[in-house]
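Novice:
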Amino acid sequence: MKFDTYHISSTLKRNLSGLGFKRPTDIQYKAIPSIMKGEDVLAIAQTGTGKTAAFAIPIIDKIHRTKKSKQSWGIKCIIMVPTRELAAQIGSVFNGLSKHTRVKAFAVYGGVEQDPQIKKLSDGIDVLVATPGRMFDLISQGAINLKRVDTLVLDEADQMLDLGFIKDISAVKKKLFQKHQTLFFSATINKEIKKLAFSQVKSSAIRIQISPEDPVSKNVTHFVMSVEMDDKRFFLRRFINDNPKARIIVFVRTRVRAERVAKALE
């Protein structure tokens with residue numbers, strides 16, 4: 040099945056095609072129809088399965104169809120995420136998919152000045168991607184109004200649980216209308232995640248679990264190498280060159296170091 044066959048706006052179809060989306064991934068194929076019907080969804084899917092587009096596509100299509108112009112009259116959808124990096128990433132996906140539509144999306148998160156965010160919010164947006172801390176700061180200042188929100192997305196809910204955001208999630212739920220759609224996405228599932236999920240979605244929620252085709256636990260070899268500080272980058276470059284077919288993730292302590300390592304490997 041191709042995206043061309045979906046009952047979504049032609050503008051959104053063109054955006055999907057332009058961004059290289061041809062066929063839906065498993066999570067997209069299973070989640071999009073239910074989300075378009077307005078059903079609550081509880082989905083377990085790892086990063087890299089295409090889950091952001093799984094909720095972005097139906098949300099953008101719904102808002103685009105219900106608006107008559109680009110002018111926004113209030114936030115219709117909130118996407119809560121645990122980190123600013125994820126907020127920026129999801130915001131970018133929404134902006135790419137909503138190009139030339141009547142949908143305006145914006146991400147707010149800490150670590151940057153509030154004033155530009157407040158200005159953007161005052162201009163009007165439809166989709167808000169937010170980390171809990173910055174969102175509640177802006178709510179307390181009157182910059183964010185939740186009265187028109189009819190869709191709540193909880194992305195990377197397992198991370199939000201680990202970071203202690205349960206009270207924040209509950210606080211947001213209390214501010215929304217009784218009738219709203221909740222989309223719950225998590226990379227993992229356990230008793231605590233289930234408890235959190237069932238407290239957020241309706242009992243009739245559609246449950247989806249995507250098993251990764253390439254489980255990390257089965258394909259990662261663990262070993263430790265003791266390397267002098269000055270030799271780290273040389274060793275890393277040599278290791279990558281010696282393993283040209285390997286898929287490698289390099290973890291570093293700070294964003295600055297990440298930029299330095301990336302530049303050194305160019």
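Numbering-wise, the working numbering comes out as the position in the sequence shown, counting from 1, plus 39.
Ideal Cβ placement from N, Cα and C applies to all residues, glycine included.
#1: Short of 6 Å in beta carbon distance, which residues of its chain neighbour Val142, apart from the five on each side in sequence? Order them along the chain.
#2: Where are the alpha helix (DSSP H) runs, 4 residues long or more, that stay fully inside the stretch 159 to 217, in chain order?
#3: Looking at the strands, I want to know which residues DSSP matches up with Val147.
#4: Ignoring anything shorter than 3 residues or poking outside the stretch 223 to 273, list the beta strand (DSSP E) runs there in chain order.
#5: Please state whether DSSP places Ile287 in a helix, a strand or coil.
#6: In angstroms with no decimal places, state the Cα-to-Cα distance between Ile208 and Val168.
#7: Going by the CB atoms, is the gap between Lys138 and Asn229 shorter than 9 Å?
#8: Considering just the uninterrupted stretch of the alpha helix (DSSP H) at Met75, what are its terminal residues?
#9: How should Ser225 be labelled, buried or exposed, when 16 other C-beta atoms within 10 angstroms of its C-beta is the threshold for buried?
#10: By Cβ distance, which residues of its chain are closer than 6 Å to Gln239, with the 5 residues on each side in sequence left out?
#11: Around the C-beta of Lys115, are 16 or more other C-beta atoms found within 10 angstroms, so that it is buried, or is it exposed?
#12: Tell me the DSSP bridge mates of Gln220?
#13: Using a 10 Å radius around the Cβ and a threshold of 16 neighbouring Cβ atoms, would you call Met199 buried or exposed?
#14: May I ask you to list the residues that DSSP assigns as paired with Ile117?
#15: Whose CA, out of Lys234, Tyr148 and Ile249, lies closest to the CA of Ser242?
#16: Three or more C-beta pairs closer than 8 Å, one from the stretch 123 to 137 and one from the stretch 180 to 188: is that the case here?
Specialist: So, from the data block:
#1: For the purposes of this step, residue 142 is taken as the residue at position 103 of the sequence shown. Scanning its chain for C-beta atoms nearer than 6 Å, with the 5 sequence neighbours on each side dropped, one finds around Val142 the residues Ile99, Ile102, His103 and Asp165, in chain order.
#2: The stretch 159 to 217 contains these whole alpha helix (DSSP H) runs: 171 to 179, 196 to 201 and 205 to 214.
#3: Start at 1 with the first residue of the sequence shown, and residue 147 comes out as number 108. For Val147, which the question treats as bridged, DSSP gives the partners Ala169.
#4: DSSP runs (the beta strand (DSSP E)) wholly in the stretch 223 to 273: 245 to 248.
#5: Translated into the one-based positions of the sequence shown, residue 287 becomes position 248. Reduced to three states, the DSSP call for Ile287 is coil.
#6: In the sequence shown, counting from the first residue as 1, residue 208 sits at position 169. In the sequence shown, counting from the first residue as 1, residue 168 sits at position 129. Roughly 14 Å separates the two Cα atoms.
#7: Residue mapping note: residue 229 aligns to position 190 of the sequence shown, counting from 1. Residue mapping note: residue 138 aligns to position 99 of the sequence shown, counting from 1. Between Asn229 and Lys138, the C-beta gap is not smaller than 9 Å, which leaves the two residues out of contact.
#8: By one-based count along the sequence shown, residue 75 stands at place 36. That run of the alpha helix (DSSP H) goes Asp65 to Met75.
#9: The residue you call residue 225 lines up with position 186 of the sequence shown. By the Cβ-count criterion, Ser225 is buried, with 16 or more other Cβ atoms from all chains shown falling within 10 Å of its own Cβ.
#10: Position 200 of the sequence shown, counting from 1, holds the residue named residue 239. Around Gln239, the same chain offers Thr221 and Phe223 as residues with beta carbons nearer than 6 Å, after the five sequence neighbours per side are excluded.
#11: The sequence position of residue 115 within the sequence shown is 76, counting from 1. Buried, because 16 or more other Cβ atoms sit within 10 Å of the Cβ of Lys115.
#12: In the sequence shown, residue 220 corresponds to position 181, counting from 1. Answer is Thr190, bridged to Gln220.
#13: Start at 1 with the first residue of the sequence shown, and residue 199 comes out as number 160. With 16 or more Cβ atoms within 10 Å of its Cβ, Met199 is classed as buried.
#14: By one-based count along the sequence shown, residue 117 stands at place 78. According to DSSP, Ile117 bridges with Leu167 and Leu191.
#15: For the purposes of this step, residue 242 is taken as the residue at position 203 of the sequence shown. Ranking the options by Cα distance to Ser242, first place goes to Lys234.
#16: No contact exists between the stretch 123 to 137 and the stretch 180 to 188.
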